[in-house]
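Trainee: In our numbering, the protein residues as written are 1 to 415. Glycine is no exception: its CB is placed at the ideal position from the N, C-alpha and C atoms. On a predicted model such as this, the values are computed, not experimentally measured, just so you know.
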């Protein structure tokens with residue numbers, strides 16, 4: 001029963017349905033990682049959408065290599081935050097502690113709703129600037145580079161955007177506490193996941209107030225009537241107020257006005273698009289890439305979960321291997337001549353890095369062998385041991401003390 005209640009509560013996070021009391025925290029390190037908690041639901045809904053499209057015979061709504069590329073971008077974006085999350089949040093905390101113009105009660109329902117509206121209003125303008133300012137668009141274009149519109153598209157995010165976007169939210173620190181900022185930034189992002197689908201048509205009267213799949217399909221369209229429209233996150237009222245709203249007239253053509261001719265994630269992250277690209281891929285190649293991509297995703301999940309338990313150099317090595325693997329997968333899908341040689345090197349490196357550098361298999365096995373009530377103490381011991389080593393060497397972890405505290409607090413929530 002408790003598991004069912006927790007599942008329903010986490011499912012509610014995807015549609016912004018939850019109790020303000022349960023999502024109000026005094027300190028930022030107490031805020032759970034709602035994104036990580038939602039990963040099982042991401043997978044479940046991706047499968048449901050795929051089955052729905054197959055049953056409805058909408059084969060034009062999904063392409064395997066495009067879907068894998070989109071998920072790859074999501075992992076790259078999340079990994080890029082490992083070394084910046086604490087630092088960027090530290091800047092927000094500094095502004096709030098030294099320059100805030102009001103102190104609102106953290107456990108007030110009115111404060112919670114104010115923070116939700118403030119962050120959604122800020123998201124509208126940040127998102128709009130990402131389309132209208134060239135430097136910002138150079139990062140955000142990654143999200144629009146897919147010519148398909150499905151739930152995997154929601155995961156296609158820019159690593160560059162993760163670095164400059166938090167600075168655009170800094171004015172919120174004058175009023176909104178860091179803990180509420182963390183809560184609503186995550187939940188605002190989660191709400192938008194289910195917007196990226198063609199399986200849901202319209203939602204009746206809700207279309208007047210909320211951002212819906214229909215409205216967001218317009219935003220991702222490259223038709224003339226779709227260009228630079230519907231920037232809202234949760235609410236569509238901002239677009240109606242500021243003249244950027246457009247209703248869906250017909251099914252848009254998705255993607256950039258000039259598409260990118262590759263599935264290589266690094267090219268997509270930084271390139272200038274030129275032409276449409278849709279090569280044929282053999283069934284064997286698709287199955288092989290899908291299998292190994294799944295193994296890479298498992299490695300990413302383990303690295304994200306246990307990253308603080310290993311040295312910084314080992315963590316960097318693991319991240320570099322994942323990034324290299326994505327480049328090899330892209331070359332494999334593009335059928336480049338050197339792809340097979342790179343794949344052989346990648347497979348050899350996989351076993352070497354796991355057994356001689358990261359030791360994640362042994363670490364996870366050790367933790368799973370401990371009683372559940374001892375696992376948290378073991379994690380805390382290793383974290384404090386690492387912190388002591390950094391202090392004796394005269395420096396702190398590059399990820400910052402703030403990031404370490406936040407991630408350790410999330411381990412406690414995960415228990």
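1. Which residue marks the beginning of the alpha helix (DSSP H) containing residue 330, and which one marks its end?
2. Helix, strand or coil for residue 169, going by three-state DSSP, please let me know.
3. From the DSSP output, in three-state form, read off residue 255 for me.
4. From residue 41 to residue 11, what distance separates their C-alpha atoms?
5. Whole angstroms are fine: how far does the CA of residue 178 sit from the CA of residue 168?
6. Using only alpha-carbon positions, find the residue among 329, 75, 151 and 313 that is nearest to residue 285.
7. Output needed for residue 159: all residues of its chain with C-beta closer than 7 angstroms, excluding positions within five of it in sequence on either side, in chain order.
8. Going by DSSP in three states, residue 277 sits in which element: helix, strand or coil?
9. Using C-beta distances below 6 angstroms, list every residue in its chain close to residue 385, excluding the 5 sequence neighbours before and after it, in chain order.
10. Could you pull the DSSP bridge partners for residue 221 from this structure?
11. What is the DSSP secondary structure of residue 187, counted as helix, strand or coil?
12. In angstroms with no decimal places, state the Cα-to-Cα distance between residue 139 and residue 130.
13. Between the region 148-167 and the region 185-200, do three or more beta carbon pairs fall short of 8 angstroms?
14. With burial defined as no fewer than 16 other Cβ atoms inside 10 Å of the residue's Cβ, what is the status of residue 29: buried or exposed?
15. Roughly how far, in whole angstroms, is the beta-carbon of residue 238 from the beta-carbon of residue 121, given that I think they are within contact range, below 8 angstroms?
16. Using the C-alpha atoms, what's the distance from residue 332 back to residue 291?
17. What's the call for residue 318, buried or exposed, on a 16-neighbour Cβ count within 10 Å?
18. Looking at residue 229: is its Cβ nearer than 8 angstroms to the Cβ of residue 216?
19. Can you tell me where the alpha helix (DSSP H) with residue 6 in it begins and where it stops?
20. Give the range of the alpha helix (DSSP H) segment to which residue 336 is assigned.
21. Near residue 59, which residues of its chain fall below 8 angstroms by C-beta distance, leaving aside the five closest residues on each side in sequence?
22. Please return the same chain residues whose Cβ sits closer than 8 angstroms to the Cβ of residue 338, not counting the five positions on each side in sequence.
23. When you compare only the Cα positions, how much space is there between residue 198 and residue 221?
24. Report buried or exposed for residue 251, applying the criterion of at least 16 other Cβ atoms within 10 angstroms of its Cβ.
25. Using the C-alpha atoms, what's the distance from residue 189 back to residue 57?
26. Quickly, what does DSSP pair residue 210 with across the bridge? List them, please.
27. Pick helix, strand or coil for residue 32, following the three-state DSSP scheme.
28. When you compare only the Cα positions, how much space is there between residue 354 and residue 302?
29. Have a look at 27, 37, 201 and 26 and flag the residue whose alpha-carbon is nearest the alpha-carbon of residue 9.
30. Since residue 173 contacts residue 96 with CB under 8 angstroms, what's their CB separation in whole angstroms?
31. Assign residue 55 to one of two classes, buried (16 or more other C-beta atoms within 10 Å of its C-beta) or exposed (fewer than that).
32. I believe residue 88 touches residue 166 by the beta-carbon criterion, under 8 angstroms. Please report the beta-carbon distance rounded to the nearest angstrom.
33. Count the other CB atoms, across all protein chains shown, that sit within 10 Å of the CB of residue 225; report buried if there are 16 or more and exposed otherwise.
34. Is residue 117 helix, strand or coil when you go by DSSP?
Mentor: Result, derived from the coordinates:
1. Along the chain shown, read from residue 1 onward, the residue named residue 330 stands at position 330. 312-333 is the span of the alpha helix (DSSP H), which, as asked, contains residue 330.
2. For the purposes of this step, residue 169 is taken as the residue at position 169 of the chain shown. Residue 169 carries a coil assignment under DSSP once its states are collapsed to helix, strand and coil.
3. Sequence index remark: in the chain shown, residue 255 carries index 255 (1-based). Three-state result, residue 255: coil.
4. Stepping through the chain shown from its first residue, residue 41 is reached at position 41. Stepping through the chain shown from its first residue, residue 11 is reached at position 11. When rounded, the distance between both Cα atoms is 7 angstroms.
5. Counting from 1 along the chain shown, the entry for residue 168 is found at position 168. Counting from 1 along the chain shown, the entry for residue 178 is found at position 178. Distance between the alpha carbons of residue 168 and residue 178: 15 angstroms.
6. Taking the chain shown and counting its residues from 1, the one referred to as residue 285 is at position 285. Ranking 329, 75, 151 and 313 by Cα distance to residue 285 puts 329 first.
7. Indexing the chain shown from 1 puts residue 159 at position 159. Shown here for residue 159: same chain residues with a beta carbon closer than 7 angstroms to its own, the five before and five after excluded, namely 76, 77, 80 and 269 in chain order.
8. What you label residue 277 is simply residue 277 of the chain shown in a count that begins at 1. Because the pLDDT at residue 277 is just 49, under 50, the model does not fix this residue reliably, and the value given afterwards should be weighed accordingly. Coil, per DSSP.
9. For this step, residue 385 is matched to residue 385 along the chain shown. Note that residue 385 has pLDDT 49, beneath the 50 cutoff, so the model's placement of it is unreliable and the number below is only indicative. The answer is none, since no qualifying residue turns up.
10. Numbered from its first residue, the chain shown carries residue 221 at position 221. 254.
11. Here residue 187 refers to the residue found at position 187 of the chain shown. In the structure shown, residue 187 sits in a helix (DSSP, three-state: H, G or I).
12. Taking the chain shown and counting its residues from 1, one reaches residue 139 at position 139. Taking the chain shown and counting its residues from 1, one reaches residue 130 at position 130. Their Cα atoms are separated by approximately 8 angstroms.
13. yes
14. The residue labelled residue 29 in the question sits at position 29 within the chain shown. Buried.
15. Sequence index remark: in the chain shown, residue 238 carries index 238 (1-based). Sequence index remark: in the chain shown, residue 121 carries index 121 (1-based). The pair is a contact, with the Cβ atoms about 6 angstroms apart (cut-off 8 angstroms).
16. Numbered from 1 along the chain shown, position 291 holds the residue referred to as residue 291. Numbered from 1 along the chain shown, position 332 holds the residue referred to as residue 332. So the alpha carbons of these two residues sit roughly 13 angstroms apart.
17. For this step, residue 318 is matched to residue 318 along the chain shown. Buried, since its Cβ has 16 or more Cβ neighbours within 10 Å.
18. Within the chain shown, numbered from 1, the residue matching residue 229 stands at position 229. Within the chain shown, numbered from 1, the residue matching residue 216 stands at position 216. Contact flag unset, no.
19. Within the chain shown, numbered from 1, the residue matching residue 6 stands at position 6. Residue 6 -> alpha helix (DSSP H) spans 2-13.
20. For the purposes of this step, residue 336 is identified with residue 336 of the chain shown, where counting begins at 1. Here residue 336 belongs to no alpha helix (DSSP H), and DSSP marks it neither H nor E.
21. Within the chain shown, the letter at position 59 stands for residue 59. 53.
22. The residue you call residue 338 lines up with position 338 of the chain shown. Answer for residue 338: 331, listed in chain order.
23. Within the chain shown, residue 198 is the residue found at index 198, counting from 1. Within the chain shown, residue 221 is the residue found at index 221, counting from 1. Distance between the alpha carbons of residue 198 and residue 221 is about 12 angstroms.
24. Within the chain shown, the letter at position 251 stands for residue 251. Exposed, since its Cβ has fewer than 16 Cβ neighbours within 10 Å.
25. The residue labelled residue 57 in the question sits at position 57 within the chain shown. The residue labelled residue 189 in the question sits at position 189 within the chain shown. Cα-Cα distance, rounded: 30 angstroms.
26. On the chain shown, residue 210 is found 210 positions in, with the first residue counted as 1. In the DSSP output, where bridge partners are listed per residue, residue 210 has 235.
27. Locating residue 32 in the chain shown gives position 32, where the first residue counts as 1. Correct three-state label for residue 32: coil.
28. To locate residue 354, count along the chain shown from 1; it is residue 354. To locate residue 302, count along the chain shown from 1; it is residue 302. Using only the alpha carbons, I get a separation of about 11 angstroms.
29. Along the chain shown, one-based indexing puts residue 9 at 9. It is 37 whose Cα lies nearest to the Cα of residue 9.
30. For the purposes of this step, residue 173 is identified with residue 173 of the chain shown, where counting begins at 1. For the purposes of this step, residue 96 is identified with residue 96 of the chain shown, where counting begins at 1. Rounded, the Cβ-Cβ distance is 4 angstroms, consistent with contact.
31. For the purposes of this step, residue 55 is taken as the residue at position 55 of the chain shown. Counting the other CB atoms within 10 Å of its CB gives residue 55 a total below 16, which places it among the exposed residues.
32. Numbered from 1 along the chain shown, position 88 holds the residue referred to as residue 88. Numbered from 1 along the chain shown, position 166 holds the residue referred to as residue 166. The pair is a contact, with the Cβ atoms about 4 angstroms apart (cut-off 8 angstroms).
33. Here residue 225 corresponds to residue number 225 of the chain shown, with the count starting at 1. Under this definition residue 225 is an exposed residue.
34. The count along the chain shown starts at 1 and reaches residue 117 at position 117. In the structure shown, residue 117 sits in a helix (DSSP, three-state: H, G or I).
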